[in-house]
Every structure is written in structure tokens, then in C-alpha cells.
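Everything on this sheet refers to the single structure shown next.
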Amino acid sequence: MRAIEILMQEHRNIERVLDAMQTMVDRLERGGEVRPGFFLEAAGFFADYADGVHHHKEEDVLFDSIIAGGMPAEHGPIPVMLLEHEQGRALIRGVRDAARRLEGGDDSARRELVSRARGYIALLRDHIAKEDEVLFPMADEILSVAAQAEVLEGFGRAEREDGPGAVEELLAVAERLVREAV
């Protein structure tokens, strides 16, 4: 499997949880009952999987390789992607904070939770589209066969750093969240 295919599969996993969170945000906004822990678990998934697993591979492996292959580091897609990663981290912290307050009985946190979650969902959907449709095809053009192999090796190292079974545990959390949102 090519490195870009791995990242795109991870995007599909992330999108499934974004869909689940969208369902729960809609429910919450309509005044329905939603377990605040759902949002805490979703925030944990996004922090640990989208950021910790996926963005780690992009930032510490792929981006370095495509910069070495000639893509500029100071302008173009890379700085935009890095900025959006930071924006996502801030939004997910806000989701987590609002969910904790809601869980603690602060009903005023409901509106903030909806706003932060919607902001995160929109940011990530747009971000994923940019990577899938622009950055990843550019990377495929830039990276030689040898560089592709090095990126795959780097992904393997990154996954070993996460520890045995870590990704599988996160995907199990994703499945629970998806089932809960039905």
C-alpha cells in the first residue's frame, strides 16, 4: 500500500467519527438528550487518532519528505496544512472544555459545545478535501519510488511509537461512537 493510500484511509476513519459527531451536534442543538461523554470521547479520538496518529505521520514524515522533494516549506500547501492542524487542536480543546462543563451541569455550555463542534467538523472536512484533492496528488508526483518507501518506513516507526494495539483501540472507540450516533 502506498503512503498516500494509508493517509486517505485514515481520513475515511476520521470522517466516520465526524459524521457521528455531526449527528450528535444536530441532536444536541435541537434540545435532544446527548451524553456529554460522547463529545469527550470524540474529542479524545480526534486528539489521539486524527492528531496523534494521522497528523503525526503527516507532520513528522510526509511533509519533510515532500519538502525534501522540492515543495516549498514557507508557502503553498504545507504551511496551510500546519496552520489548520493547530486550529483543529484549539477547536477540539474547546469541544472538550465545553463538554466537561455540560457534563458538570452547566447547561450554558451547550451552545458553546455546538459552536466548537460545528467549527471543528467544518475545518476538518475542508482540510481533508484539500489534502485528498490537492496535497496528496502533489506528493505522489513529487515523491520518487525510493522516497515513497522511506515515507512508508517512517509511518511504520510512527505507529510503533504509538505502541502495540493503540491504533486498533482508537478504531474501536470510533466504532462505538458511530454506533451511538445512529
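Numbering (the numbering used here), first residue to last: 10 to 191.
Glycine included, every Cβ here is placed at the ideal spot set by N, Cα and C.
- Item | For GLY174, the three-state DSSP class (helix, strand or coil) | coil
Going by other Cβ atoms of all chains shown within 10 Å of its Cβ, with 16 needed for buried, is MET33 buried or exposed? buried
Where PHE55 and ILE23 are concerned, what is the direct C-alpha to C-alpha distance, given to the nearest angstrom?
8 angstroms
Whole-number beta carbon distance between ILE137 and HIS20, since they are thought to touch under 8 angstroms: 5 angstroms
Grab me the residues of ARG190's own chain with a C-beta within less than 8 angstroms of its C-beta, minus the 5 sequence neighbours each way, in chain order. First, the residue type needs correcting, since residue 190 is Ala and not Arg in the sequence shown. Closer than 8 angstroms at the Cβ level, and outside the excluded window around ALA190, lie ASP28, ALA29, MET30, THR32, MET33, PHE47.
Let me check understanding here. Comparing Cα to Cα, which of ASP60, GLN96, ARG134 lies closest to ASP171? ASP60
- contact_flag[the region 105-120, the region 151-164] where n(CB pairs < 8 angstroms) is 3 or more: no
Expected contact under 8 angstroms - CB spacing of LEU133 and GLY174 to nearest Å: So it is not a contact: roughly 25 angstroms between Cβ atoms.
| message | Check whether chain B comes within 9 angstroms of ILE75, counting only Cβ atoms and requiring the distance to be less than that. | response | Judged by its chain identifiers, the structure shown contains no chain B, having just a single protein chain.
> Is the Cβ-Cβ distance between LEU179 and MET90 less than 9 angstroms?
Replying inline: no
Quiz item: Helix, strand or coil for MET90 per DSSP?
Solution: helix
Could you give the distance in angstroms between the alpha-carbon of SER74 and the alpha-carbon of LEU37?
-> 42 angstroms
> Apart from the five residues on each side of it in sequence, which residues of its chain come closer than 6 angstroms, Cβ to Cβ, to GLU93?
Replying inline: HIS136
- Message: I need the DSSP call for GLU50, collapsed to helix, strand or coil.
- Response: helix
Who are the near neighbours of LEU186 in its chain, counting only those whose CB is closer than 8 angstroms to its CB and skipping five residues on each side? VAL26, ALA29, MET30, PHE47, GLU50, ALA51, PHE54
If we ignore side chains and look at the alpha-carbon of each, how far apart do ILE13 and LEU122 end up? 33 angstroms
Throw me the rounded Cβ distance for the ALA156 and GLY78 pair, which I believe falls under 8 angstroms.
6 angstroms
| In chain order, what residues of the same chain lie with their CB nearer than 6 angstroms to the CB of GLY103, ignoring the 5 residues before and after it? | ARG125
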